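If you count the sequence shown from 1, position 371 lands on 429 in my numbering, and the numbers rise without skipping.
Glycine is no exception: its CB is placed at the ideal position from the N, C-alpha and C atoms.
Since we're looking at a predicted model, the values are computed, not measured.
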Amino acid sequence: MSTRLKTGGRLIDRSATVEFTFNGKRLRGCTGDTLASALLANDQMLVGRSFKYHRPRGIVASGAEEPNALVNLGQGTRLEPNQRTTTTELFDGLEARSQNHWPSLEYDVGVVNNYAARFLPGGFYYKTFIHPRAAWKHVFEPIIRHSAGLGSAPKDRDADRYEQAYGFCDLLIVGGGVAGLQAALVAGRAGARVWLIEQTAHWGGRAPVDGDVIDGTAAEAWVSAAVTELAAMDQVTLRLRCMAAGSYDHGYVLLDEKLADHTPGDGRPKHRLWRMRVGKIIAATGAIERPLSFAGNDIPGVMLAGAVRDYAVNWAVSPGDRTVVVTNNDDAYRTAIALHQAGLEVAAVIDARPIATGALPERARALGIRVETGRAIARVKGGKRVEAVEICLQAGEGAASTTLPCDAVAMSGGWSPVVHLWSHCGGKLIWDESGAMFRPDPARPPLHEDGSAMVMAAGAANGALREAVADADAQVRIALQALGYKAEKASAPVHDVPAESPLEPVWIMPQGASIALRSKMWLDFQNDVKVSDVQLAAREGYESVEHTKRYTTLGMATDQGKLSNINGLAILADSLNAAIPQVGTTTFRPPYTPVPLGALAGEARGEIFQPLRKTPMHDWHQQHGAYFEPVGHWRRPYCFQRAGETAEQAVHREVKNTREALGLLDASTLGKIIVKGPDAGRFLDMLYTGVMSTLPIGKCRYGLMCNEQGFLSDDGVVARIDADTWLCHTTSGGADRIHAWMEDWLQCEWWDWQVYTANVTEQYAQVAVVGPNARKLLESLGGMDVSKEALPFMQWADGTLGGFPCRVYRISFSGELSYEIAVPASHGAAFWALLHEAGAALGAMPYGTEALHVMRAEKGFIMIGDETDGTIIPQDLGLDWAISKKKADYLGKRGQERTFLANPDRWKLVGFETLDGSVIEDGAYIPEHGVNANGQRRVQGRVTSTYHSPTLGRGIAMGLLRQGPQRMGEVVTFTKMNGGETQARVVNSVFFDKDGEKQNV
């Protein structure tokens, strides 16, 4: 049985007892335990059930690679499914429940699948669920949906909070073992800005567990001294419980730091998600021990040898009283020695190699431990825990020569470097025949944009399993030189470890195992993928490792193949009679271990999941009866209703007052993007259909943006600020989208252009002062000349008005004399109040978005989202004049030259006036005779904007009509919702002040 040893346990505090529950049973552990070590200390060997066959599952590992021991952690608002017991730190009151069984863990009816295993091999679902077709919906799909998934999905809102942060450093060192610590020491002493992160709660990695000696000092003492020295360096940041989830282009790394996983409810954020930009990455991520494939290697009590050693040394836990160690390498002898020193019985070391004469095997023999070479485990006997193992010849077919009673098996099939960070950004691997492992190929690292190496592997992660410190020292010096730092001249610490004999690759045990044995050799413990499944996939033609993965689900469990992939692809290679490097590996994708959705969302939850955006004048609007409408994430006044008014009456009043006296519009939501740099003009010429590079300083120009297909995406006025700076105005709802669009092109296509963009929409409040009295109001404020001569139409000037610093644009979206005035956002509310106070005698009145829309429609100005719908090109709207005939290219140019978009029969923008003066209904179509191939009534156009014009006293509309400009004066029919029709005459889309005299006064 597994139990707590009376002595030992370097990471636990025996004086601090911690109570927790597992499946409702109250248990006790110690401070410093993981949930896994505490369960083993309480003889809880059975912790879960496998996914497909519901076979009993026990703890197999001690870290993030654990595939079996997943639990539902907590309950209610703190329920988290699929939490690894091996990485969960024990805390008082912890509640854990096992997963994937019914009605109980010990008695699971799902185990019936295990007895039907011969009918459920790898890929069976591709052959089973296709006939009869009707059965899919009513039989197969409901069963699959009920069976799918592990754990229980939380139903309540997460009670914890999460935060996000940004970080920058010269060198990010991932892994806090002795290799990472040595790299950090060298870099820190050289003065580099260093981040050293470790995913567990402790520094040192395996070295203290294995009793290594560094520079004549015990590894544990060396680690403590190194951490103390690093903590004293101002430019070095140390983070425990921090996992590097993924590496991306341009030195971008995502880190997940656990802050309060082990102290729930203490008020701190549960996780912090770091977005890092780094110069170089040192991946000192260590290596993961591989299992061996023998029959019954999934029975609870069969564990990785390194994990058995961890539990014994770190947490004083014995996985069993009598252990059999099975291996193909010298490292597993460390486990046998550690167990012997802890006072436990090692029944035998079963070594598949014909000869084992290294220092560690000899030491084991000297301690009286039985060593059997050239032997293998034929099968493990037991059900819910190990009872015995049958021993056979490795070179044989599995005939048992002897049976060894035991209650634990420690297996070691060698070590695989953790190459995930290296591989995320395209780093290539090379097969190391001597170590039977894939390791980073130094000739093909992941690259920065300048072609230099972005990630460098060090220590065991680089394949240097026994020279980790020296390798890390060498790698960090190369990284520092590339970063421009000079490392101190010093020899690497001497890492004193026993010499080891080469391992012997063993992918099947025994090598000639029968199909009966191979069908009980497990590769993927969680998904129940066996050696026989991979061999079947190869026979059925799945020669690609990626295809085999999906056919068998090998490596698709929550551990993402950390334990199973190398063994699986070796079996596939053998089945195909191919070399392992020829078969290759599956793709390594981030995150390395799961990142909570809460951490990805950060503070974006509840009211701030999608925050409402409010202008600086929002409170004033609320106090003055504003009726708000959503414009993207903004809330803008639709109109300002007075007592007894309908919204329609308020809009009509606002339009008339603006046309006749003075209107004030809060235009702060207008998108404002600064584009700056030596290549800014060149960039804008590609972005807009017109030419912006020739725009004189101090002037404005209307511009159109199209997507690659040529369809109109946004419009706005561009102002030239200085020789290399432009300010681009966008639609209110389009600022973020257009800024992202700009960055997309700059980062992905024109990355070498020297252009900087900044979205400054919220940095400025902007007010449109509109109407015949607009100039009078500004002149009354004083501070700058706003006359027609000093500030002509489509120009801008900086100055002060009423004591407020401002930038004044002479642009108009209403057709009236208009000034758009931008002031710092902090001055917005005060400036708005001043305008109303000073403009009261001139008839100043606020107006909302609907009045704005009516006035722009009276002038025939288009509105993105009304006149456009993602299928409209500028030529459809009569905007050919805004398209340069001189430019060789712009985004969308080639798209607009396609035959369909150049068709003269396309719907074109025109105006409509109803014969009876009524308003055409929103969304109305213009039908024509006949039906299409689908039997639907043919249409020849539609309305895009339709309003009652208070200025003209009748309904006006803009819309698209086939060959519209050639059909002026023609009467067309619009549909109505009630089945009726509306007659309207095709007219010019400019209904008011066709010559533009009012805006130029």
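Backbone CA spacing between residue i and residue j [nearest angstrom]
i      : j      : result
Leu892 : Thr704 : 28 Å
Val476 : Ala396 : 25 Å
Ala374 : Leu505 : 44 Å
Glu279 : Arg264 : Note that residue 279 is Ala in the sequence shown, not Glu. Approximately 14 Å between the Cα atoms of the pair.
Gln998 : Pro904 : 39 Å
Leu243 : Ala446 : 48 Å
Ile231 : Glu878 : 52 Å
Leu239 : Ala518 : 13 Å
Gly829 : Met675 : 21 Å
Gly454 : Leu288 : 54 Å
Pro266 : Thr415 : 25 Å
Gly82  : Gly116 : 18 Å
Gly344 : Arg84  : 36 Å
Val592 : Thr610 : 7 Å
Leu753 : Arg778 : 6 Å
Ile573 : Ala436 : 12 Å
Sequence-distant residues of the same chain with beta carbon closer than 6 Å to residue i, five excluded per side
i       : result
Glu124  : Arg142 and Thr144
Tyr881  : Residue identity differs from the one stated: residue 881 is Val in this sequence, not Tyr. Around Val881: Ala823, Phe862, Cys864 and Phe889.
Ala96   : Gly87 and Leu148
Lys1052 : none
Ala365  : Ala119 and Ser120
Pro649  : Ala303 and Gly304
Thr926  : Leu770
Under the three-state DSSP convention, the category residue i falls into
i       : result
His894  : helix
Asn372  : helix
Gly337  : strand
Leu178  : coil
Val733  : strand
Pro200  : helix
Leu627  : helix
Gly364  : helix
Tyr877  : strand
Thr393  : helix
Gln933  : helix
Trp194  : helix
Lys951  : helix
Met800  : helix
Ala117  : With the sequence shown as reference, residue 117 is identified as Ile, and Ala is not the correct amino acid for it. Of the three classes helix, strand and coil, the one that applies to Ile117 here is coil, per DSSP.
Thr92   : strand
Arg1058 : The amino acid occupying residue 1058 in the given sequence is Asn; Arg does not appear at that position. Residue state, collapsed to three classes: helix.
Option nearest residue i by Cα separation, candidates the options
i      : options                            : result
Val294 : Leu254, Glu925 and Thr92           : Leu254
Asp268 : Ala390, Glu164 and Ala245          : Ala390
Ser884 : Glu820, Arg778 and Gly416          : Glu820
Leu541 : Lys338, Gln452 and Val527          : Lys338
Ala241 : Ala631, Pro563, Ala526 and Val383  : Ala526
Phe698 : Thr972, Gln680, Lys714 and Trp692  : Gln680
Arg335 : Arg251, Asn372 and Met567          : Arg251
Asp502 : Ser481, Glu491 and Val311          : The residue you asked about is not Asp; residue 502 is Arg in the sequence shown. The shortest Cα separation from Arg502 among Ser481, Glu491 and Val311 belongs to Ser481.
Asp368 : Phe958, Arg759, Asp91 and Val285   : Asp91
Met852 : Ser376, Arg433, Asp802 and Arg759  : Arg759
Ala657 : Ala318, Asp810, Trp939 and Asp409  : Ala318
Asn107 : Ile272, Gly441 and Val76           : Going by the sequence as given, residue 107 is Arg instead of Asn. It is Gly441.
Lys730 : Gly1011, Trp678, Asp794 and Asp724 : Asp794
Trp678 : Ala631, His894 and Asn520          : His894
Arg956 : Asp974, Gln933, Glu706 and Leu967  : Gln933
Cβ of residue i within 9 Å of any chain C Cβ
i      : result
Ala909 : Judged by its chain identifiers, the structure shown contains no chain C, having just a single protein chain.
Contacting residues, own chain, Cβ-Cβ under 7 Å from residue i (five flanking each side not counted)
i      : result
Leu627 : Val603, Ile638, Val641 and Thr643
Glu766 : Leu949, Gly950 and Gly953
Neighbourhood of residue i by C-beta distance below 8 Å, restricted to the same chain and skipping five residues each side
i      : result
Tyr746 : Gly761, Leu762, Met763, Val776 and Tyr948
(Q) As an exercise, report each continuous alpha helix (DSSP H) stretch of at least 4 residues that is fully enclosed by the region 410-451, in chain order. (A) As far as the region 410-451 is concerned, its whole alpha helix (DSSP H) runs of at least 4 residues are 417-424.
Q: Return the chain-ordered ranges of every alpha helix (DSSP H) run that is complete within the region 804-860 and spans a minimum of 4 residues.
A: Taking only runs of at least 4 residues, the alpha helix (DSSP H) segments lying wholly in the region 804-860 are 832-839.
Q: Within the region 239-314, note down every full alpha helix (DSSP H) run reaching 4 residues or more, in order along the chain.
A: Note on the region 239-314: whole alpha helix (DSSP H) runs with a minimum of 4 residues are 265-268 and 277-289, in chain order.
**Q.** alpha helix (DSSP H) segments (min. 4 residues) lying fully within the region 639-688
**A.** Entirely contained in the region 639-688, the alpha helix (DSSP H) runs reaching 4 residues are, in chain order, 655-659 and 676-681.
Q. Which runs of the alpha helix (DSSP H), 4 residues or longer, sit entirely within the region 562-603?
A. Every alpha helix (DSSP H) stretch that sits fully inside the region 562-603 and reaches 4 residues is listed by chain position as 573-576 and 589-597.
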